Amino acid sequence: MANKLIRFGRPQDRPSLLEEIAVLGHRQVTEVSRNAMLPHMNKRFEITYVVSGTLEWLINDELIVTRQNDILVTFPEDKLALLGGHFMVSDAYFMQIDFDKEGFMSLEERELFKRKLYAVEGRKISLPTDRSILFAKLISEHERQDVFSEGLCRGWLHEILTMVVRRSEGWEAKTYLNEYNLFKKSLLSYLETNVARTDIKVQEIAEHFNYSESHFRFLFKKIFKTSPVDFVRQFRVDTAQRLIREGSFSITEIAYKVGFSSSQYFSQTFKKELGMSPREYRKSLRLESGRIQDMNTSIYFMDQHFPDKK
Numbered sequence: 001m002a003n004k005l006i007r008f009g010r011p012q013d014r015p016s017l018l019e020e021i022a023v024l025g026h027r028q029v030t031e032v033s034r035n036a037m038l039p040h041m042n043k044r045f046e047i048t049y050v051v052s053g054t055l056e057w058l059i060n061d062e063l064i065v066t067r068q069n070d071i072l073v074t075f076p077e078d079k080l081a082l083l084g085g086h087f088m089v090s091d092a093y094f095m096q097i098d099f100d101k102e103g104f105m106s107l108e109e110r111e112l113f114k115r116k117l118y119a120v121e122g123r124k125i126s127l128p129t130d131r132s133i134l135f136a137k138l139i140s141e142h143e144r145q146d147v148f149s150e151g152l153c154r155g156w157l158h159e160i161l162t163m164v165v166r167r168s169e170g171w172e173a174k175t176y177l178n179e180y181n182l183f184k185k186s187l188l189s190y191l192e193t194n195v196a197r198t199d200i201k202v203q204e205i206a207e208h209f210n211y212s213e214s215h216f217r218f219l220f221k222k223i224f225k226t227s228p229v230d231f232v233r234q235f236r237v238d239t240a241q242r243l244i245r246e247g248s249f250s251i252t253e254i255a256y257k258v259g260f261s262s263s264q265y266f267s268q269t270f271k272k273e274l275g276m277s278p279r280e281y282r283k284s285l286r287l288e289s290g291r292i293q294d295m296n297t298s299i300y301f302m303d304q305h306f307p308d309k310k
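Under the numbering used here, the sequence shown has 227 at position 227, and the numbering climbs by one with no breaks.
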């Protein structure tokens with residue numbers, strides 16, 4: 001299955017249905033696309049929703065890691081790049097919002113959203129549940145474009161912006177966030193302590209947190225949308241990525257530090273998760289510092305890596 005890109009809004013694409021949406025797209029990466037996003041600056045707010053995979057961003061030279069159900073918000077004039085310039089195996093929606101356009105939102109609404117988005121701390125928002133359906137609906141209506149599509153897109157854009165703002169301010173899901181966040185923090189702390197072990201078992205983790213194994217699996221699936229085994233594997237790979245970035249250990253040393261019984265098995269698992277081997281990943285970290293490209297150049301490079309663009 002080839003990499004795919006669906007995009008609306010640019011002169012070379014089909015048009016956007018709303019004045020406020022300058023660019024709207026859906027990018028599915030099944031094979032690593034090398035040098036597909038050069039460092040550049042956007043002139044608008046950009047919202048990226050990560051459906052799956054791990055994407056490592058450099059925002060003004062600061063590393064920000066996004067995973068499933070994370071939203072990345074970048075500001076106008078941010079210096080934006082992917083670590084190494086590569087799109088890793090992932091699935092993500094993205095859109096650029098132009099609040100200077102006089103569309104369906106009033107001037108007061110546009111200024112309110114601009115002010116609220118600028119207040120998003122750390123550029124990243126993590127959602128407790130999958131909300132990608134809102135972005136999928138926007139894409140679907142842009143593809144079909146009948147007489148009802150514009151009105152529907154207005155509502156979904158407003159809902160997405162409101163969701164981002166409210167979530168960043170701690171409004172959403174207050175009834176269960178404290179419990180879930182405590183569970184997440186406790187679990188991550190446990191895994192950080194035990195990641196070097198090769199024999200981590202689900203039953204043992206459940207007992208550690210005073211759950212039956214069946215209830216632990218149920219709660220885990222509800223929170224993380226994946227199985228404990230898959231999550232632990234991803235945690236090992238994520239930890240390995242961090243250790244590779246730090247550059248203090250060899251690939252073989254890292255394999256044992258994150259709980260793999262052999263460097264060969266580690267390399268196979270790493271490549272399956274990210275689409276490149278640990279050594280290839282280490283080489284990909286050599287970014288040319290300070291290199292800024294205009295958006296059209298970046299769009300050109302992305303198009304070369306997504307030939308199935310509709």
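Glycine included, every Cβ here is placed at the ideal spot set by N, Cα and C.
As the structure is a computational prediction, the values presented were derived from the model and not from experiment.
Rounded straight-line distance, which links the Cα of residue j to that of residue i
i    : j    : result
F135 : G85  : 25 Å
C153 : A206 : 43 Å
V23  : E46  : 9 Å
S189 : F235 : 11 Å
E288 : S248 : With a pLDDT of 38 at E288, under the threshold of 50, the modelled position of that residue is not reliable, and the figure given next carries that caveat. If I take the Cα positions, the gap works out to 21 Å.
P228 : E273 : 16 Å
E253 : S52  : 28 Å
T66  : I251 : 23 Å
S345 : P15  : Residue 345 lies beyond the stretch modelled for the chain, which goes from 1 to 310, so this question has no answer here.
E239 : G151 : The question names Glu, but residue 239 is Thr in the sequence shown. Distance between the alpha carbons of T239 and G151 is about 44 Å.
I200 : M88  : 27 Å
R131 : K221 : 16 Å
L312 : K79  : Summary: the structure shown does not reach residue 312, with the chain confined to residues 1 through 310, and so no result is reported for it.
Residue burial classification, residue i (beta-carbon count within 10 angstroms, cutoff 16)
i    : result
V232 : buried
E183 : The residue asked about is misnamed: residue 183 is Phe in this sequence, not Glu. Classification for F183: buried.
E108 : exposed
N210 : exposed
L117 : buried
Y265 : exposed
Q12  : exposed
Extent of the continuous alpha helix (DSSP H) run through residue i
i    : result
Q264 : S263 to L274
R110 : L107 to Y118
Start-to-end residues for the beta strand (DSSP E) that takes in residue i
i    : result
L80  : K79 to L82
A255 : From DSSP, A255 is part of no beta strand (DSSP E) but of the alpha helix (DSSP H) over I251 to K257.
L38  : Where L38 is concerned, there is no enclosing beta strand (DSSP E), given that its DSSP letter is neither H nor E.
F45  : F45 to G53
CB contact check: residue i to chain B, cutoff 7 Å
i    : result
V232 : The structure shown contains no chain B, having only a single protein chain.
In chain order, each alpha helix (DSSP H) run of at least 4 residues that lies wholly inside the region 154–238
Listed in chain order, the complete alpha helix (DSSP H) runs (minimum 4 residues) inside the region 154–238 are 174–194, 202–208 and 213–224.
Any chance the region 50–66 sits against the region 100–115, with 3 or more Cβ pairs inside 8 Å?
Because the criterion of three Cβ pairs below 8 Å is not met, the region 50–66 and the region 100–115 do not touch.
Stretch pair the region 79–96 + the region 118–125: three plus CB contacts closer than 8 Å:
Touching, no.
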